[in-house]
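Structure record follows, encoded as structure tokens.
In the working numbering, the protein residues as written are 6 to 116.
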């Protein structure tokens, strides 16, 4: 899998080519930097394809993708869930995708 976007940190977790998980459905982890969030939401299929996660890899086989975010009230700070006091500004997100659904968790980085 070509990954021309190292900031996306694409990792295949299950599916063909993953030792011990070859028989499972394709599952990927990827990161979304704050500056990419609007691009992801505008065209999720294109965003993922550009990062090596497309129809050929078992992702978005029907050409559509749903993006779901975990609770808007909390973010992960690296060790625990904390109340999100940052408002609506874009955040780094950690996402998992399989089939036609991607679940993303916003992260808060301690200063």
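Backbone N, C-alpha and C define an ideal beta-carbon position, used for all residues, glycine too. Predicted model only: the values in this text are computed from it and were never measured.
Item, Value
"Can you have a look at residue 80 and say buried or exposed, based on whether 16 or more other CB atoms are within 10 angstroms of its CB?", "buried"
"So within the stretch 10-64, which uninterrupted beta strand (DSSP E) runs reach at least 3 residues, ignoring any that extend past its ends?", "16-19, 32-37"
"Using alpha carbons as the reference points, say which of 110, 51, 108, 104 lies closest to residue 66.", "104"
"Which same chain residues end up closer than 6 angstroms to residue 111 when comparing Cβ atoms and leaving out the 5 residues on each side of it in sequence?", "80, 96, 98"
"Please report the straight-line C-alpha distance between residue 22 and residue 57, rounded to a whole angstrom.", "14 angstroms"
"So the candidates are 106, 101, 108; which of them puts its Cα closest to the Cα of residue 16?", "101"
"What residue range is occupied by the uninterrupted beta strand (DSSP E) comprising residue 107?", "106-112"
"I need the boundaries of the beta strand (DSSP E) containing residue 69, first residue and last residue.", "First-last for residue 69: undefined, no H or E at that position."
"Going by the DSSP bridge assignment, what does residue 88 pair with across the sheet?", "79"
"By the 10 Å Cβ neighbour count, where 16 or more other Cβ atoms means buried, how is residue 13 classified, buried or exposed?", "buried"
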